[in-house]
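Convert by adding 12 to the 1-based position in the sequence shown; the result is the number in this note's numbering.
Heads up, the thing below is written out as structure tokens.
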Amino acid sequence: MLGKLLIRYLKEYRWLLLGVLVFQFASAMASLYLPRLNANIIDQGVAQGDTAYIWSTGILMLVISLGQITASIIATYFAARAAMAAGRDIRRDVYEKVSGFSEREVSQFGPGSLITRNTNDVQQVQMLAMMGATMLVTAPLLAIGGVIMALQQDVGLSWLIAVSVPVLLVLVALIISRMVPLFRSFQTKLDAVNRIMREQLTGVRVVRAFVREDIEEERFRGANTDIMVVGRKVGSLFVLMFPLAMLVLNVTVVGVIWFGGIQVDAGNVEIGTLFAFMQYVGQILMGVLMATFMTIMIPRAAVSAERISEVLASESTLTRAENPVTVFSAPGTVQFDNVEFTYPGAETPVLQGISFGAAPGETVAIVGSTGSGKTTLVSLLPRLFDVTGGSVRVGGVDVREADLDHLWTSIGLVPQRPFLFTGTVASNLRFGREEATDEELWHALEIAQGKDFVEEMEGQLEARIAQGGTNVSGGQRQRLAIARAIVHRPDILVFDDSFSALDLTTDARLRQALWRELPEVTKIVVAQRVSTITDADRIVVLEDGQMVGLGTHEELLNTNETYKEIVESQLGVEA
13 MLGKLLIRYL KEYRWLLLGV LVFQFASAMA SLYLPRLNAN IIDQGVAQGD
63 TAYIWSTGIL MLVISLGQIT ASIIATYFAA RAAMAAGRDI RRDVYEKVSG
113 FSEREVSQFG PGSLITRNTN DVQQVQMLAM MGATMLVTAP LLAIGGVIMA
163 LQQDVGLSWL IAVSVPVLLV LVALIISRMV PLFRSFQTKL DAVNRIMREQ
213 LTGVRVVRAF VREDIEEERF RGANTDIMVV GRKVGSLFVL MFPLAMLVLN
263 VTVVGVIWFG GIQVDAGNVE IGTLFAFMQY VGQILMGVLM ATFMTIMIPR
313 AAVSAERISE VLASESTLTR AENPVTVFSA PGTVQFDNVE FTYPGAETPV
363 LQGISFGAAP GETVAIVGST GSGKTTLVSL LPRLFDVTGG SVRVGGVDVR
413 EADLDHLWTS IGLVPQRPFL FTGTVASNLR FGREEATDEE LWHALEIAQG
463 KDFVEEMEGQ LEARIAQGGT NVSGGQRQRL AIARAIVHRP DILVFDDSFS
513 ALDLTTDARL RQALWRELPE VTKIVVAQRV STITDADRIV VLEDGQMVGL
563 GTHEELLNTN ETYKEIVESQ LGVEA
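Below, the structure written as structure tokens:
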């Protein structure tokens, strides 16, 4: 999974990777050549008092060292560019994939997990790509090249390498085998921390209203402690591994000095040659340590790559038609034909046998008790969900056959819980139509009964809006969301209980302005308050996912017991 992901996103930057290979090869070769020159200075220069040789070889070593440093810097730069670009491309593709998800896929992964996968997980893969591009070249060259160069010194100590390297590899393998499951657990627990944090920030008012700060703090503390425990285990293994590796390295160096000293004392080996052998042993073990570091990074990056690939491989249930219809034959019309819908995994449908329509300019209201399926029904129009039976037609075209962009352009949805984006009043209102003029924005605000409070805000249209619209009231947030939908200029406006935060007077003025200023726009209104829908051309009454009534306010009062009960229960409160 990791290999496929890296190949997929790094192949576009193969020339940068080729540059990494060339310059890292040059850097490694220079590193391997320097100990030999160092040995020559000692054996042929210092030992024999040849100052000229010392100077000439020293200058050559300086030039090679500068070249080695330069090549290493260039290789690292190329590796960083390739890795960062690949990371950018992965984040872009994950974002585009998630943007096409239906509600089902978003719920399946969870918003917190999707955020983690597109940030922390991508960073893990990105770091592996950057470090791997350099270390995967340097490590084998130093290890294998060091062995070859050390054997050429012929000091009779090769057995030390044959012992120390396998010991180091066994130690690393044992530690890595413990780390792999911990990395997977760490990412899962990180998802949990992000999810809890997101829930608490989003629902901070509810938490305070029910005085659950202590309980939520304890909940977060538990998740935070879980991730700390796993992180501490990983850290402990890291702490254990590097001292053990250095122990093997130092014991090997001591062995070289001890047994090499015996060889020097016997006159079998020159001091410079022994010194070069020691440096090559260090390079061999350094190559092994680099490979060790990579083997630590690979399992964690592999887990992250698997999580990223799960998102990229997920097919949205919101499928696009092979030959989408881009021209609606009857703009503004809505038709539900024997609609049935069942949530994934549920045994019984939440909607069944729903049939009604709306002509251009008409107002159709949907009313029913809590849980009757009102929001689910209107969610079928913009294909937030797809029907499991029957069909939904917009503009005379089955929404499953319509071009999605054209479908969404023709529908202006004001959700039950309106969301505003970080920015200004103007940027939020222009969210669906960037070319809208200030005059159009003010006109939409006037219809939505939001002009007065926007005029009082500092900066007016340029007034700042916090994430989610948390710096404005619920009623102001709803009116801005309604104005945003109006600016969009859709053929159909869908209000999903969008007047609930408004007082009765503002509600009445807003509806009158909508009917007066937008007579040609079809309006689908989901409402809890009967007073909001009495003037509708038709009212759909839902009960337990079934349509139990269809008609005008007066007709339903006389013929439909469910509607009559709803009206009577509210009139007593509203009177």
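Idealized CB from N, CA, C, for every residue including glycine.
* **Strand pairing of V351, partner residues [DSSP]** => Translated into the one-based positions of the sequence shown, residue 351 becomes position 339. DSSP output for V351 lists I366 as bridge partner(s).
* **6 angstroms CB neighbourhood of A95 in its chain, flanking five on each side removed** => The residue you call residue 95 lines up with position 83 of the sequence shown. Here the set comprises Q138, A141, M142.
* **For S403, the three-state DSSP class (helix, strand or coil)** => The sequence position of residue 403 within the sequence shown is 391, counting from 1. Strand, per DSSP.
* **Outcome for A257 when other beta-carbon atoms lying within 10 angstroms are tallied against a minimum of 16** => By 1-based counting over the sequence shown, the position of residue 257 is 245. So A257 counts as buried.
* To do: List the residues that DSSP assigns as beta-bridge partners of D410.
  => Along the sequence shown, read from residue 1 onward, the residue named residue 410 stands at position 398. DSSP output for D410 lists R405 as bridge partner(s).
* Where does A587 land, buried or exposed, given buried means 16+ other C-beta within 10 angstroms? -> The residue given as residue 587 occupies position 575 in the sequence shown. Low per-residue confidence applies at A587: pLDDT is 35, beneath 50, and the placement is therefore not dependable enough to give any value.
* Asked: Within 10 angstroms of its Cβ, does R129 collect 16 or more other Cβ (buried), or is it exposed?
  -> The residue given as residue 129 occupies position 117 in the sequence shown. With 16 or more other Cβ atoms within 10 Å, it is buried.
* Asked: In angstroms, rounded to a whole number, what distance separates the CA positions of I85 and L425?
  -> Taking the sequence shown and counting its residues from 1, the one referred to as residue 85 is at position 73. Taking the sequence shown and counting its residues from 1, the one referred to as residue 425 is at position 413. Rounded to whole angstroms, I85 to L425 spans 54 angstroms at the Cα level.
* To do: In the DSSP assignment, find the unbroken alpha helix (DSSP H) run with E322 in it and report its ends.
  => Indexing the sequence shown from 1 puts residue 322 at position 310. Its alpha helix (DSSP H) spans residues 283-325.
* Which term fits P502, buried or exposed, when burial requires 16 or more other beta carbons within 10 angstroms of its beta carbon? -> Counted from its first residue, the sequence shown places residue 502 at position 490. Result: buried.
* Between the beta-carbon of T387 and the beta-carbon of V553, is there less than 8 angstroms? -> Position 375 of the sequence shown, counted from the first residue, corresponds to residue 387. Position 541 of the sequence shown, counted from the first residue, corresponds to residue 553. No.
* To do: Please list, in chain order, all residues of the same chain as Y25 whose beta carbon is under 8 angstroms from its beta carbon, the five residues on each side excluded.
  => Numbered from 1 along the sequence shown, position 13 holds the residue referred to as residue 25. Here the set comprises R93, A94, A97, A98.
* C-alpha gap between G272 and L169, whole angstroms -> Within the sequence shown, the letter at position 260 stands for residue 272. Within the sequence shown, the letter at position 157 stands for residue 169. Between G272 and L169, the C-alpha separation is close to 7 angstroms.
* Nearest-angstrom Cα distance between S391 and F232? -> Locating residue 391 in the sequence shown gives position 379, counting from the first residue. Locating residue 232 in the sequence shown gives position 220, counting from the first residue. Straight-line Cα distance between these residues: approximately 33 angstroms.
* How many Å lie between I81 and A448 at the Cα? -> What you label residue 81 is simply residue 69 of the sequence shown in a count that begins at 1. What you label residue 448 is simply residue 436 of the sequence shown in a count that begins at 1. Roughly 56 angstroms between the two C-alpha positions.
* So who's on the other strand from A377, going by DSSP bridges? -> One-based indexing of the sequence shown puts residue 377 at position 365. V537, I551, per the DSSP bridge assignment.
* To do: Mind reading off the beta-carbon distance from I545 to T564? Whole number of angstroms is fine, and I expect it under 8 angstroms.
  => Counting from one through the sequence shown, the residue named residue 545 turns up at place 533. Counting from one through the sequence shown, the residue named residue 564 turns up at place 552. About 10 angstroms separates the two Cβ atoms, so there is no contact after all.
* Tell me whether L516 is buried or exposed, calling it buried when 16 or more other Cβ atoms sit within 10 Å of its Cβ. => Position 504 of the sequence shown holds residue 516. L516 is exposed by the Cβ-count criterion.
* **Stretch pair the segment 512-527 + the segment 332-351: three plus CB contacts closer than 8 angstroms** => no
* 8 angstroms Cβ cutoff met for I479 and T434 -> Locating residue 479 in the sequence shown gives position 467, where the first residue counts as 1. Locating residue 434 in the sequence shown gives position 422, where the first residue counts as 1. The question names Ile, yet the displayed sequence has Gln at residue 479. Cβ atoms of Q479 and T434: closer than 8 angstroms.
* Under 8 angstroms between C-beta atoms of Q461 and R491 -> Along the sequence shown, one-based indexing puts residue 461 at 449. Along the sequence shown, one-based indexing puts residue 491 at 479. Against a cut-off of 8 angstroms, the Cβ pair of R491 and Q461 comes out as a contact.
* To do: Over the uninterrupted beta strand (DSSP E) stretch that includes G561, give me the two end residues.
  => Stepping through the sequence shown from its first residue, residue 561 is reached at position 549. Its beta strand (DSSP E) spans residues 558-563.
* Asked: In or out: P394 buried (at least 16 other Cβ within 10 Å) or exposed?
  -> Start at 1 with the first residue of the sequence shown, and residue 394 comes out as number 382. Buried is the call here.
* Please state whether DSSP places A587 in a helix, a strand or coil. => As a first step, residue 587 must be located in the sequence shown, where it is residue number 575. Residue placement at A587 is poorly supported in this model, since its pLDDT is 35, which falls under 50; the coordinates are not used for a value here.
* Asked: Where in the segment 40-84 do unbroken runs of the beta strand (DSSP E), each at least 3 residues long, occur, reported from the N-terminal end onward?
  -> none
* Quick one: grab the DSSP three-state call for D508. => Along the sequence shown, one-based indexing puts residue 508 at 496. Three-state result, D508: strand.
* From V268 to S189, what distance separates their C-alpha atoms? -> Counting from one through the sequence shown, the residue named residue 268 turns up at place 256. Counting from one through the sequence shown, the residue named residue 189 turns up at place 177. One C-alpha to the other measures close to 31 angstroms.
* To do: For G158, count neighbouring C-beta atoms within 10 Å of its own C-beta (all shown protein chains included) and say buried if the count is 16 or more, exposed if not.
  => By one-based count along the sequence shown, residue 158 stands at place 146. G158 comes out buried.
* Which of helix, strand or coil does DSSP assign to L392? -> Counting from 1 along the sequence shown, the entry for residue 392 is found at position 380. Here L392 sits in coil by DSSP.
* So, using beta-carbon positions, are E555 and S381 closer together than 8 angstroms? -> Taking the first residue of the sequence shown as 1, we reach residue 555 at position 543. Taking the first residue of the sequence shown as 1, we reach residue 381 at position 369. Going by C-beta atoms, E555 is nearer than 8 angstroms to S381.
* Asked: So L126 and V323 are in contact, right, with Cβ under 8 angstroms, and what is the actual spacing, rounded?
  -> One-based indexing of the sequence shown puts residue 126 at position 114. One-based indexing of the sequence shown puts residue 323 at position 311. The Cβ separation is near 7 angstroms, so the contact holds.
* Note down, in chain order, each residue of its chain lying with its Cβ closer than 6 angstroms to the Cβ of A204, except the 5 sequence neighbours on either side. => Looking up residue 204 in the sequence shown gives position 192. A235, listed in sequence order.
* **Cβ neighbours of A151 in the same chain (closer than 6 angstroms, five flanking residues each side left out)** => Numbered from 1 along the sequence shown, position 139 holds the residue referred to as residue 151. Once the five neighbours on either side are set aside, the close Cβ partners of A151 are G299, M302, A303.
* To do: Just mark T571 as buried or exposed, buried being the case when its beta carbon has 16 or more other beta carbons within 10 Å.
  => In the sequence shown, counting from the first residue as 1, residue 571 sits at position 559. Burial call: exposed.
* Taking DSSP as the reference, what is the three-state secondary structure of T517? -> The sequence position of residue 517 within the sequence shown is 505, counting from 1. Note: T517 maps to helix in three-state DSSP.
* Distance, Cα to Cα, I102 vs F198? -> Walking along the sequence shown from the start, residue 102 turns up at place 90. Walking along the sequence shown from the start, residue 198 turns up at place 186. Near 21 angstroms, if we compare the C-alpha coordinates of F198 and I102.
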